[in-house]
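Novice: If you scroll down you'll find the structure; I have some questions about it.
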Amino acid sequence: MSLTRKLHVISQELKAHREARRAAGCLEILILYVTTHCNLRCGHCFYADNLNDGTQDLPPDRVRTIFQTMPFIREEIAITGGEPFLHRKLPELVRHIHDSPSSRDIQINTNGWYVDRTVGYCRDMQGWNRKRISIQISLDGLEKTHDAIRGMPGSFQKAMATASELRKLAHYSEPGFFTPVFLMIVNRDNYQDIRPLSELIRKEFGICLGLELVRGTDFSAWGIPEDIQEKSYNPPEIPLPPEAAWDSIYAEVRAMNREMDYPFRLFLSKFREQFEMLRKKRSRVRCVAPDGITPVIYSNGDVAVCEFSRPFANLADFEDSFMALWNSPQSLAQREKLRCCSCTHACFLVPSMRRDLRSNLRLLVDL
């Protein structure tokens, strides 16, 4: 990459840093669990012990009430589960979010198994087009690797078919709507597939494969007091890549970033921080989750400051007013307990890095 290109990338990151620092009164991201139901049991899933526990899906009417007092969300609302497309009223639920003034970007996470249902629900959402709706499909390696991790033969082909159909749908929508994006959870069993899968996605869809590191309370979070730590959030089978491979993973992503004109720069910076954190059991970056900008809402109405800490209240106790709950003494007390925590979870690490000038400058080394 030329010096001119590097300086352009750095200027973009510094601009994002300034915007993040100025975003007073806004949330950065909202993680919204709409269901605990899931048709797969993936070996790396940190939420596995909570799936299919009989919890009712989050009702659309309740979502409408919650979002009446939701502040603006700068980045995105991440709709997750469980498998969101198992929620029978997902389009209605998403419509309430879409019609609220809370955010311009909505992301729905999926394993891509339900091809017809996913495309059908997205067709129901066509014509809204005031906010970008993206569908993030989990893809955790080439076919053999992915199917083994997902515990279901055919899951790779289903995910690819869903992506292909969504691409057709996106072609007839406003730019950016229903565009499929992909995320690979890098773990012990798939890290050797990073390059071949990235090349496949680039060839077939012309986009960059997203990369995230497998996470769990036992090995990727530190400083959370025992009494509020969410101890059940651990993958059942597949842990981190071996430490001996961390440097080679970083080097591989760095090489791809240079070859492809920097699309992996965020994941590269993130991996650098994550691997450093895993070695030292602490972060160089102050976590911003205790500042109250990255809430988590579960399908039963429970709310947490972050995914690695336990819920501290339920929206039902505040008549489903998010702001009443979020500004409550319970919320402020929980956040204060988390002031010294750190974790590798990207939903909290990336906003923290964006607000840290030194982290932005370290990108010069990564490029």
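For the sequence shown, the working numbering assigns the number 1 to the initial residue and increments by one for each residue that follows. All C-beta atoms, glycine included, are put in the ideal place defined by N, C-alpha and C.
1. DSSP state of E75, grouped into three classes?
2. Along the chain, where does the alpha helix (DSSP H) that runs through M256 open and close?
3. Return the first residue and the last residue of the beta strand (DSSP E) that E143 is part of.
4. Give the DSSP bridge partners of I185, in chain order.
5. Could you pull the start and end residues of the beta strand (DSSP E) that R284 belongs to?
6. Per DSSP, what kind of secondary structure is R195 in: helix, strand or coil?
7. Of all the options K280, L357, R279, R335, which has the alpha carbon lying nearest to the alpha carbon of V303?
8. Roughly how many angstroms separate the alpha carbons of S359 and V285, rounded to a whole number?
9. Tell me where the alpha helix (DSSP H) around R64 begins and ends.
10. Smallest Cα separation from I207: which of P239, L183, K270?
11. Could you give the residue range of the beta strand (DSSP E) that holds E28?
12. Let me check understanding here. Comparing Cα to Cα, which of A148, R355, N111 lies closest to Q136?
13. Would you call the CB atoms of E307 and E230 closer than 8 Å?
14. List the endpoints of the continuous alpha helix (DSSP H) containing I97.
15. Is the beta carbon of V34 less than 8 Å from the beta carbon of G81?
16. Report the option in S138, I79, N234, E165 whose CA atom is closest to the CA atom of F156.
17. So, with DSSP's three-state summary, where would you put Q136?
18. Per DSSP, what are the beta-bridge partners of V303 in this structure?
19. Alpha carbon to alpha carbon, how far is R22 from R104?
20. What are the boundary residues of the alpha helix (DSSP H) that includes Q368?
21. For W113, name the three-state secondary structure that DSSP assigns.
22. What does the Cβ neighbour count give for M323, buried or exposed, with the cut at 16 atoms within 10 Å?
23. Take every Cβ of the stretch 244-264, pair it with every Cβ of the stretch 64-71, and state whether three or more of those distances are shorter than 8 Å.
24. Once DSSP output is grouped into helix, strand and coil, what is the label at S220?
25. Mind checking who S342 pairs with in its DSSP beta bridge?
26. Taking contact to mean 3 or more Cβ pairs, one atom from each stretch, closer than 8 Å, check whether the stretch 338-349 and the stretch 214-221 are in contact.
27. Specify whether the stretch 94-109 and the stretch 146-164 touch according to this definition: at least 3 beta carbon pairs, one from each stretch, less than 8 Å apart.
28. Would a C-beta distance cut-off of 8 Å place P235 and C45 closer than the cut-off?
29. Which residues in the same chain have their Cβ closer than 7 Å to the Cβ of D53, if we skip the five residues on either side of it in sequence?
30. Just the Cα atoms here: how many angstroms apart are R62 and S248?
31. Should A244 be labelled buried (16 or more other beta-carbon atoms within 10 Å of its own) or exposed?
32. Using 8 Å as the threshold, is the C-beta distance between W128 and K158 below it?
33. Would you call R85 buried or exposed, if buried means 16 or more other Cβ atoms sit within 10 Å of its Cβ?
34. Here's the rule I'm using: 16 or more other beta-carbon atoms within 10 Å means buried, otherwise exposed. How should R272 be labelled?
Specialist: In short:
1. If DSSP states are grouped into helix, strand and coil, E75 belongs with the strands.
2. That run of the alpha helix (DSSP H) goes 246-259.
3. Annotation for E143: no beta strand (DSSP E) segment contains it, though the alpha helix (DSSP H) segment containing it runs 143-150.
4. Note: I185 sits in a beta bridge opposite E212.
5. First-last for R284: undefined, no H or E at that position.
6. helix
7. R335
8. 8 Å
9. For R64, the enclosing alpha helix (DSSP H) starts and ends at 60-67.
10. L183
11. 27-33
12. N111
13. yes
14. Segment 90-99, the alpha helix (DSSP H) holding I97.
15. yes
16. S138
17. strand
18. I297, A313
19. Only weak support exists for where R22 lies, its pLDDT of 47 falling under 50; the coordinates are left without a value.
20. Past the edges of the chain, shown from 1 to 367, lies residue 368, and the structure says nothing about it.
21. coil
22. Exposed.
23. no
24. helix
25. Under DSSP, S342 forms a beta bridge with W222.
26. They touch, by the three-pair rule.
27. no
28. Taking 8 Å as the Cβ cut-off, P235 and C45 qualify as a contacting pair.
29. T36
30. 47 Å
31. exposed
32. Using a Cβ distance threshold of 8 Å, W128 and K158 do not count as a contacting pair.
33. A quick correction: the sequence has Phe, not Arg, at residue 85. Within a 10 Å sphere around the beta-carbon of F85 sit 16 or more other beta-carbons, which makes this residue buried.
34. buried
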